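*Asks:*
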Amino acid sequence: MAGSTRRDPLGLRRAMSDRLLQALIAAMALLACLGFAAARGVEALGERWRQGAEAAVTIQVPDPTRTRIALALGVLATLPEVADANPVDPDRLAELLRPWLGEQPNLALPGVIEVRLRNLDADVALIGDRVAEAVPGAVTEAHGLWVGRLAALATAVQGVAYAALVLVGLIAVAVVAVATRAALIARQDSVAVLHQLGATDREIAGRFSGRAMILALGGGVAGVLVAVPAFFLLARLAQPFGGEVMAEALSGLPWASLPWRDIAMVPVAAGAIGWLTAQAVVRVWLARLP
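Be aware that the sequence shown starts at -15, since it is given in this note's numbering, and climbs by one per residue.
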């Protein structure tokens, strides 16, 4: 009993309960991990969309006879900027347009050629001019507008994710501050006596901040342990939208696809928040003592 008192003269193990504070910090850590996952996932998916859209060009050929389509494909085959060019099947095109145009069998649709570029720096206007020279009326469309919209959407979602991370951090600070304040009130007589006996603000604040750091660190670790399988499950659910790269990563070694650096920083950040917040709260409270 005497040894326990020497190790914890202020009785902080009882004053600063480990269950509630750790549970709240664990919840904040879980949200932080999910926020990092969302930000990184949207960033990767947005980049994949951007690269795919920027490298795609559509050529519309009015009066799509076999000769005109063949002429357009022949011109595209001679251009070094073009990696691949394939005509869209008319039945597939009609199926894609059916939700907007309905059943209109007599509607004349242009022929569509999907073109993949070798690099994003290719001159789309030059490609369109070459095709139009051989096939009058052919129109070449790049996907720059959609690329911009996708980039803006990805940026907005990332901003929301990072704003949520900041909010989670502020809530964690508030939780630790309230817990530290409650412990101070519960042990204010003991703190006042130690202060009058010569204990420095640094020593007293160190007791509280050490306890808060241990609890916050433990809560952060618990939150990460819950977040890792949850994030893995989300990655599995997102696999159909992530393309071949994500599929290969998940089929081989799924744990390697997790953002380990961000996840590992969550408990460290939780411990730092606990220590710094407790230090600030205790020092402000001690400064008001007579």
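Backbone N, C-alpha and C fix where the C-beta goes; we use that ideal spot for every residue, glycine too.
Remember, predicted model here, so these are calculated numbers, not experimental data.
Just tell me which of Leu221, Leu260, Val96 and Leu14 has its CA closest to the CA of Gly25.
*Replies:* The candidate whose alpha carbon is nearest that of Gly25 is Leu221.
*Asks:* Can you look up Leu270 in the DSSP assignment and give me helix, strand or coil?
*Replies:* Correct three-state label for Leu270: helix.
*Asks:* Does the segment 166 to 181 come close enough to the segment 55 to 73 that 3 or more CB-CB pairs lie under 8 Å?
*Replies:* With the cut-off at 8 Å, the segment 55 to 73 and the segment 166 to 181 do not touch.
*Asks:* With C-beta atoms as the reference, is Val152 less than 7 Å away from Met249?
*Replies:* Result no, Cβ atoms of Val152 and Met249 do not sit closer than 7 Å.
*Asks:* Applying the criterion that 16 or more other CB atoms from any shown protein chain within 10 Å of the CB defines a buried residue, is Arg195 buried or exposed?
*Replies:* The residue in question, Arg195, is buried, as its Cβ has 16 or more Cβ neighbours within 10 Å.
*Asks:* Pair every Cβ in the segment 182 to 201 with every Cβ in the segment 256 to 273, then say whether three or more of these pairs are closer than 8 Å.
*Replies:* Taking 8 Å as the limit for Cβ pairs, the verdict is that the segment 256 to 273 does touch the segment 182 to 201.
*Asks:* Going by C-alpha distance, which of Ala69, Thr124 and Arg82 is nearest Val99?
*Replies:* With distances taken between Cα atoms, Val99 lies closest to Ala69.
*Asks:* Note down, in chain order, each residue of its chain lying with its Cβ closer than 6 Å to the Cβ of Arg52, except the 5 sequence neighbours on either side.
*Replies:* Closer than 6 Å at the Cβ level, and outside the excluded window around Arg52, lie Val45 and Val119.
*Asks:* Straight-line CA distance for Thr184 to Ile9?
*Replies:* Their backbone Cα atoms lie some 29 Å apart in a straight line.
*Asks:* Apart from the five residues on each side of it in sequence, which residues of its chain come closer than 8 Å, Cβ to Cβ, to Val157?
*Replies:* Closer than 8 Å at the Cβ level, and outside the excluded window around Val157, lie Ile257 and Thr261.
*Asks:* Can you tell me the Cα-Cα spacing of Arg200 and Ala7, whole angstroms?
*Replies:* Position check: residue 200 holds Ala in this sequence, whereas Arg was assumed. Rounded to whole angstroms, Ala200 to Ala7 spans 9 Å at the Cα level.
*Asks:* Go ahead and pull the three-state DSSP assignment for Val157.
*Replies:* Correct three-state label for Val157: helix.
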